[in-house]
Every structure is written in structure tokens, then in C-alpha cells.
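My numbering numbers the first residue of the sequence shown as 7 and each following residue consecutively. The beta carbon of each residue, even a glycine, is placed where N, CA and C say it ideally should be. Bear in mind that the values here come from a model prediction, so they are computed numbers and not experimental data. Below is one structure, written out as C-alpha cells; comments come after it.
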Amino acid sequence: MSGRAQSKPISSFKQKINKKKTLKEKKNITASIVLYNEDIDELSKTIDSFMAIPLSKKLFLIDNSPTGILKNKFNHQDIDYRFNAKNIGFGAGHNTVIDTIKKTSEYHLILNPDVSFAPDVIPTLIEELEADKELAMIAP
7 MSGRAQSKPI
17 SSFKQKINKK
27 KTLKEKKNIT
37 ASIVLYNEDI
47 DELSKTIDSF
57 MAIPLSKKLF
67 LIDNSPTGIL
77 KNKFNHQDID
87 YRFNAKNIGF
97 GAGHNTVIDT
107 IKKTSEYHLI
117 LNPDVSFAPD
127 VIPTLIEELE
137 ADKELAMIAP
């Protein structure tokens, strides 16, 4: 065998491109972030990170803070702000969106308010989930 790398047929390259295009067109992804007196700058980084994902998406902000001061901070058609007026807890906060997303979201992210990731990370993780049907959960 020579030292030359073997090239893949062009057809497999086209299939990979078409797969990525299809992934972008058909996947609906949602995420929820439970808030409690969050730092607005840190939270903005997390929101920007999610909104940069090149898929159809919806973000739910569940505010357990005593005041709804964040209500008018994130006005966007893909952001759903929900103010609870009391601290119902992390898990219960995330559970408030389950009925809303059941029929529309293929994948749901539970995010902390201080995370960020590159735009291609989530599509790559989705491809891994779809490649191995025995996986139920995945993290970067």
C-alpha cells in the first residue's frame, strides 16, 4: 500500500453535505434555562450561544426570581419568558415546559445560565444521537 491517502468517492461527500442540509431543515430543538437572580451579562452569553445554533429553535426562560426584572430584557420571537414569582426549584422549573414541547421539539436541552458552546456543537451531538439509536442522552 502506498503512502497516499485514499480518497472517498464524490457521491459519499455529496451524501454528507445533503445530510447536514437535511438536519438543518428538519430538526426542531428547544432549550430551557431556569433563572434565579442571574447575572445579565453571563445569561446573555448563554442565550447568544443557543440562538447561534443553525437549527430551528425555541428557548424557554423560566424565571424563579422574586421579581420579573428580566421580563423585557430578551424580546425575541424564539424566546419564551415565563415568570413564576417564586422559586419553584430547578427541576420543577424545567418541567413547566414539557407539555409545550412534547409535540414540536425533537430534541430538548436543559441549560444552566452560565454555559456557552460553538454553533456547530449541538448539530454534531444530534448527528451522534441519530447515528446510535441506543443513546438517550448526550453531552459535549
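Check, Outcome
"In chain order, each alpha helix (DSSP H) run of at least 4 residues that lies wholly inside the segment 26-75", "46-57"
"Pro119 versus Asn34, Ser55, Ile35, residue with shortest Cα-Cα distance", "Ser55"
"6 Å CB neighbourhood of Ser62 in its chain, flanking five on each side removed", "Asn34"
"For His114: DSSP bridge partner residues", "Thr36"
"Classification of Lys108 by the beta-carbon crowding that lies within 10 angstroms, buried from 16 upward", "exposed"
"Sequence-distant residues of the same chain with beta carbon closer than 6 Å to Leu49, five excluded per side", "Pro119"
"Beta-carbon spacing of Ile1, Leu65 below 8 Å", "Because residue 1 is not part of the residues shown, which for the chain are 7 to 146, the question remains open."
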